[in-house]
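Residue numbers (the numbering used here): 628 to 969.
This is the structure:
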């Protein structure tokens with residue numbers, strides 16, 4: 628047992644942060660790009676990469692001294708993930724990163740992981756696909772939770788078209804020793820991943836700009852650009868095995884737009900809407916940006932529409948009694964409705 632787990636996280640964050648700022652100043656990089664350079668040094672046995680005399684010898688020595696202060700390879704991987712998450716939170720503020728590129732908070736990842744523990748109980752292997760993996764925080768947090776709670780073999784596949792974020796996801800997976808395959812591509816295009824157990828994504832919200840790529844999608848718009856989040860829901864559920872699940876973070880008003888008609892029509896034939904749970908309003912700057920956890924199940928392999936679709940809104944995280952009561956209601960619904968045998 629590691630009693631100093633919290634201290635491990637704080638120590639690693641301190642070393643990562645100080646060494647990243649050193650490189651940022653020495654190489655005139657953004658905080659995020661400096662972190663990528665810095666973490667790659669650490670993964671390369673703490674060897675500092677020098678090109679054209681930069682960083683200078685003094686900075687190299689300072690970096691090596693910092694690297695010696697921590698041994699991430701012998702830390703619990705979850706503590707490594709948390710330290711990297713703290714770095715990314717700082718990067719959001721320092722580099723003014725746009726909303727679609729920000730990481731999914733641990734609180735939301737934990738709720739999703741908790742919902743999934745009953746769904747996959749007793750399964751010896753679980754493969755998870757994330758079509759908008761970004762820096763990997765959501766995927767890797769859920770992987771940790773399922774592996775820890777269910778004592779099972781969990782692997783992941785993450786797809787993203789942002790090479791910087793994918794670099795961070797790769798660094799994070801390697802430092803945590805997680806089995807994650809990362810693919811740099813537009814997830815709307817053909818993907819070579821089939822029959823996963825679960826697709827989970829914090830979906831980017833907005834219009835997809837390349838109309839020629841979406842003509843084979845049932846959820847594409849007949850006029851103008853299509854919603855990227857609609858397309859990614861369809862894409863994800865096409866690559867999960869029959870009876871498999873999709874858990875997506877979507878706009879709370881997903882079904883209140885005129886574009887939702889094609890999404891609903893597609894769902895009638897391909898996926899059961901089993902749950903729609905609005906996240907607390909306090910997590911969002913205004914009600915227009917509020918998100919919900921949507922639970923879909925692909926048709927086939929004995930899957931059926933639940934008698935009672937789970938629809939509701941999480942109480943404020945500050946009201947622990949109400950929050951725990953709502954979680955208990957979800958667990959009861961999973962056991963009595965979602966997972967009930969015919």
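The C-beta atom is built at its ideal place from N, Cα and C for all residues, glycine as well. Nothing here was measured: the structure is a model prediction, and the numbers come from that model.
Helix, strand or coil at residue i [DSSP, three-state]
i, result
"residue 631", "Bear in mind that a pLDDT of 45 at residue 631, under 50, signals an unreliable position, so the model cannot answer this."
"residue 690", "helix"
"residue 823", "strand"
"residue 695", "coil"
"residue 741", "helix"
"residue 794", "helix"
"residue 911", "coil"
"residue 829", "strand"
"residue 757", "strand"
"residue 718", "helix"
"residue 968", "coil"
"residue 847", "coil"
"residue 960", "helix"
"residue 951", "helix"
"residue 731", "coil"
"residue 702", "coil"
"residue 641", "helix"
"residue 709", "helix"
"residue 769", "helix"
"residue 656", "coil"
"residue 636", "helix"
"residue 662", "helix"
"residue 764", "helix"
"residue 930", "coil"
"residue 800", "helix"
"residue 668", "helix"
"residue 817", "coil"
"residue 860", "helix"
"residue 746", "helix"
"residue 842", "coil"
Given residue i as reference, the closest of the options once Cα atoms are compared
i, options, result
"residue 963", "648, 679, 935, 949", "935"
"residue 875", "694, 686, 742", "742"
"residue 734", "718, 707, 751, 765", "765"
"residue 937", "914, 904, 757, 836", "904"
"residue 714", "744, 799, 836, 924", "799"
"residue 732", "900, 957, 906, 940", "906"
"residue 671", "644, 684, 699", "699"
"residue 827", "866, 961, 888", "866"
"residue 646", "673, 835, 958", "673"
"residue 810", "908, 668, 745, 760", "760"
"residue 873", "802, 789, 746, 879", "746"
"residue 911", "924, 933, 879, 932", "879"
"residue 751", "710, 778, 846, 666", "778"
"residue 635", "704, 960, 785", "704"
"residue 665", "680, 679, 642", "642"
"residue 835", "845, 825, 820, 851", "851"
"residue 649", "960, 640, 662, 702", "662"
"residue 886", "895, 915, 855, 870", "855"
"residue 861", "923, 807, 819, 883", "923"
"residue 749", "781, 718, 724, 895", "781"
"residue 679", "776, 654, 961", "654"
"residue 802", "784, 857, 787, 767", "767"
"residue 640", "694, 953, 724, 941", "694"
Residues sharing a beta bridge with residue i, DSSP
i, result
"residue 940", "905"
"residue 922", "874, 902"
"residue 752", "780"
"residue 807", "783"
"residue 681", "678"
"residue 835", "853"
Rounded Cβ spacing between residue i and residue j (contact assumed at less than 8 Å)
i, j, result
"residue 868", "residue 823", "7 Å"
"residue 859", "residue 814", "6 Å"
"residue 659", "residue 722", "5 Å"
"residue 877", "residue 921", "5 Å"
"residue 716", "residue 740", "Contact doesn't hold; Cβ gap of about 19 Å is too wide."
"residue 908", "residue 917", "6 Å"
"residue 843", "residue 816", "Wrong, their Cβ atoms sit about 11 Å apart, outside the cutoff."
Closer than 6 Å: residue i CB and nearest the ligand FAD heavy atom
i, result
"residue 862", "The model on display carries no ligand, and the ligand FAD is accordingly not part of it."
- In chain order, each alpha helix (DSSP H) run of at least 4 residues that lies wholly inside the stretch 862-898: Counting only runs of 4 or more, we get 887-897.
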